[in-house]
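Numbering follows this note's numbering, with no gaps: position 288 of the sequence shown is 299.
C-beta atoms are modelled at their ideal positions from N, C-alpha and C, and glycine is treated no differently.
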Amino acid sequence: MLPLWLIISPLLLALIIILTLDWSKVLEENFRISRIRWGVTRLIPSIYVLVFLVALPLNLMAIVIFLVKMKVRKPAVVYMLNLAIADVFFISVLPFYIVYRYCGNNWVLGEGMCRFVTATFYCNMYCSILLMTSISVDRFLAIVYPVRSLSWRTVNRAWLVCGIIWVISLASTVPLLINKQTLSVPVLHITTCHDNQDVEVLRNYYFYYFIALISLFFFFPLCITVFCYIGIIRCLSRFDRTHKRLRAIVLTVIVLCVFVLCFGPTNVIHFTHYLQLYYYSDASLYSAYILCVGISSISCCLDPLIYYFASSQCQRYVYSLLRWSFFCFAIEQATLL
Numbered sequence: 012m013l014p015l016w017l018i019i020s021p022l023l024l025a026l027i028i029i030l031t032l033d034w035s036k037v038l039e040e041n042f043r044i045s046r047i048r049w050g051v052t053r054l055i056p057s058i059y060v061l062v063f064l065v066a067l068p069l070n071l072m073a074i075v076i077f078l079v080k081m082k083v084r085k086p087a088v089v090y091m092l093n094l095a096i097a098d099v100f101f102i103s104v105l106p107f108y109i110v111y112r113y114c115g116n117n118w119v120l121g122e123g124m125c126r127f128v129t130a131t132f133y134c135n136m137y138c139s140i141l142l143m144t145s146i147s148v149d150r151f152l153a154i155v156y157p158v159r160s161l162s163w164r165t166v167n168r169a170w171l172v173c174g175i176i177w178v179i180s181l182a183s184t185v186p187l188l189i190n191k192q193t194l195s196v197p198v199l200h201i202t203t204c205h206d207n208q209d210v211e212v213l214r215n216y217y218f219y220y221f222i223a224l225i226s227l228f229f230f231f232p233l234c235i236t237v238f239c240y241i242g243i244i245r246c247l248s249r250f251d252r253t254h255k256r257l258r259a260i261v262l263t264v265i266v267l268c269v270f271v272l273c274f275g276p277t278n279v280i281h282f283t284h285y286l287q288l289y290y291y292s293d294a295s296l297y298s299a300y301i302l303c304v305g306i307s308s309i310s311c312c313l314d315p316l317i318y319y320f321a322s323s324q325c326q327r328y329v330y331s332l333l334r335w336s337f338f339c340f341a342i343e344q345a346t347l348l
């Protein structure tokens, strides 16, 4: 028979640990982890589903209006058409993100598809930012320098600018396409896509890559956009054009909301995450970044508002389309009666 002290000692040790442990911190940490897990595996994919259902028909309708009705005869239409195409490309890969998050961050579609989906996300985000900046500059030139800018603002030059933006956006994602993005986590029995990387690769490679990417494709375009819309509002305030000034103000608010609310948290937190990771080996902000990425996808739903308020011609076509849809619905209901 075992001595009594051999039986009691482990029990006493366990009791001491239980009594001395700060359970408030343990419960708080468990609650924090559970909230993050719920946000990543339930909230984010739910946002993606909503964005897919709302943004896809809106952007496809915008593309049809630009190509069939408006005939792409103005530089602004060229920029808006390309922005709608970029959004459709991003929306087309959302189902892969939805499955990935709902499956507990387990990627089952292979390394190649992970690289493609990851590159598509960053390409869409920065392409959208550059195209929105181009729309802002085009509006600035048209309103502040209406006569002088006629020779600059041509459809051919707009297509050239869009082509350069697409090339730059695609080229910026090459590092994501040539480097491994999946990582197996045996303890959890999952394979992550872009969420986990080797620490040395993160600090010595992706730190410089993402810091440069965010600085060039977010902070710099944001400054240009703010400058352009301040100039537009100041110029319109000198003239008694209430409707035009109101439309410009609404467009300014929408564009800045997309920048600040959709792309702002994603890029600022991503920027801060890599600074903390590089200098303090702290990756605690990455969960917040993943949540903000989900929020940034809402920009695909807000972009059609930019098309609507940026062009009075687009407003007329949307109004006529809605009126025709309502007329057809009324006739259908009348025939059923």
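| said: For a minimum of 3 consecutive residues, which ranges assigned as the beta strand (DSSP E) are wholly contained in the region 168 to 256? | reply: 193 to 196 and 201 to 204
| Inter-residue CB distance, Val266 and Ile317 (contact presumed, cutoff 8 angstroms) | Within the sequence shown, numbered from 1, the residue matching residue 266 stands at position 255. Within the sequence shown, numbered from 1, the residue matching residue 317 stands at position 306. About 6 angstroms; that satisfies the 8 angstroms criterion.
| task | Flag this pair as touching only if the region 97 to 111 and the region 120 to 132 have three or more C-beta atom pairs under 8 angstroms; answer yes or no. | result | yes
| Taking Gly174 as the reference, which of Ala97, Val196, Trp163 and Tyr220 has the closest Cα? | Residue numbering aside, residue 174 sits at position 163 when the sequence shown is read from its first letter. Nearest of Ala97, Val196, Trp163 and Tyr220 to Gly174, Cα basis: Ala97.
| message | Below 8 angstroms on the Cβ atoms is my contact criterion, and I expect Phe229 with Asn278 to pass it. Report the Cβ-Cβ distance as a whole number of Å. | response | The residue you call residue 229 lines up with position 218 of the sequence shown. The residue you call residue 278 lines up with position 267 of the sequence shown. About 4 angstroms separates the two Cβ atoms, so the contact holds.
| said: Can you tell me where the alpha helix (DSSP H) holding Ile280 begins and where it ends? | reply: In the sequence shown, counting from the first residue as 1, residue 280 sits at position 269. Taken as a continuous stretch (DSSP letters only), the alpha helix (DSSP H) holding Ile280 covers Gly275 to Tyr291.
| query | Can the beta-carbon of Tyr285 be found less than 8 angstroms from the beta-carbon of Phe221? | reply | For the purposes of this step, residue 285 is taken as the residue at position 274 of the sequence shown. For the purposes of this step, residue 221 is taken as the residue at position 210 of the sequence shown. Yes, they are a contact pair.
| request: Return helix, strand or coil for Leu296, following the three-state DSSP convention. | output: Indexing the sequence shown from 1 puts residue 296 at position 285. Reduced to three states, the DSSP call for Leu296 is coil.
| For Leu233, which option in Leu142, Val83, Leu120 and Val65 has the closest C-alpha, if you only look at C-alpha atoms? | Locating residue 233 in the sequence shown gives position 222, counting from the first residue. If we check each option's Cα against that of Leu233, Leu142 comes out closest.
| query | Span of the alpha helix (DSSP H) holding Gly123? | reply | Locating residue 123 in the sequence shown gives position 112, where the first residue counts as 1. Glu122 to Val155 is the extent of the alpha helix (DSSP H) around Gly123.
| field | Rounded straight-line distance, which links the Cα of Val237 to that of Ser183 | value | One-based indexing of the sequence shown puts residue 183 at position 172. One-based indexing of the sequence shown puts residue 237 at position 226. Roughly 24 angstroms separates the two Cα atoms.
| task | Assign Gly305 to one of three DSSP states: helix, strand, or coil. | result | On the sequence shown, position 294 is the one that residue 305 refers to. In this structure, Gly305 counts as helix in the three-state DSSP scheme.
| query | Using the C-alpha atoms, what's the distance from Arg112 back to Leu120? | reply | By 1-based counting over the sequence shown, the position of residue 120 is 109. By 1-based counting over the sequence shown, the position of residue 112 is 101. Taking the straight line joining both Cα atoms gives about 13 angstroms.
| What's the C-alpha gap between Leu209 and Pro56? | Looking up residue 209 in the sequence shown gives position 198. Looking up residue 56 in the sequence shown gives position 45. What sits at residue 209 in the sequence shown is Asp, not Leu. Distance between the alpha carbons of Asp209 and Pro56: 26 angstroms.
| query | Is Leu194 near Tyr133, with beta carbons less than 8 angstroms apart? | reply | The sequence position of residue 194 within the sequence shown is 183, counting from 1. The sequence position of residue 133 within the sequence shown is 122, counting from 1. Taking 8 angstroms as the Cβ cut-off, Leu194 and Tyr133 do not qualify as a contacting pair.
| said: Would Ala169 and Tyr90 qualify as a contact pair, given that the criterion is a beta-carbon distance under 8 angstroms? | reply: Mapped onto the sequence shown, residue 169 falls at position 158. Mapped onto the sequence shown, residue 90 falls at position 79. Yes. Within cutoff.
| field | C-alpha distance - Ile76 paired with Val110, whole-angstrom precision | value | Numbered from 1 along the sequence shown, position 65 holds the residue referred to as residue 76. Numbered from 1 along the sequence shown, position 99 holds the residue referred to as residue 110. When rounded, the distance between both Cα atoms is 32 angstroms.
| message | Given a cut-off of 8 angstroms on the beta-carbon distance, is the pair Tyr137 and Ser308 in contact? | response | For the purposes of this step, residue 137 is taken as the residue at position 126 of the sequence shown. For the purposes of this step, residue 308 is taken as the residue at position 297 of the sequence shown. No, the pair does not count as a contact, with Cβ atoms beyond the cut-off.
| task | Keeping to the same chain, check which residues put their C-beta closer than 6 angstroms to that of Pro315; ignore five residues upstream and five downstream. | result | Locating residue 315 in the sequence shown gives position 304, counting from the first residue. Around Pro315: Leu69 and Ala73.
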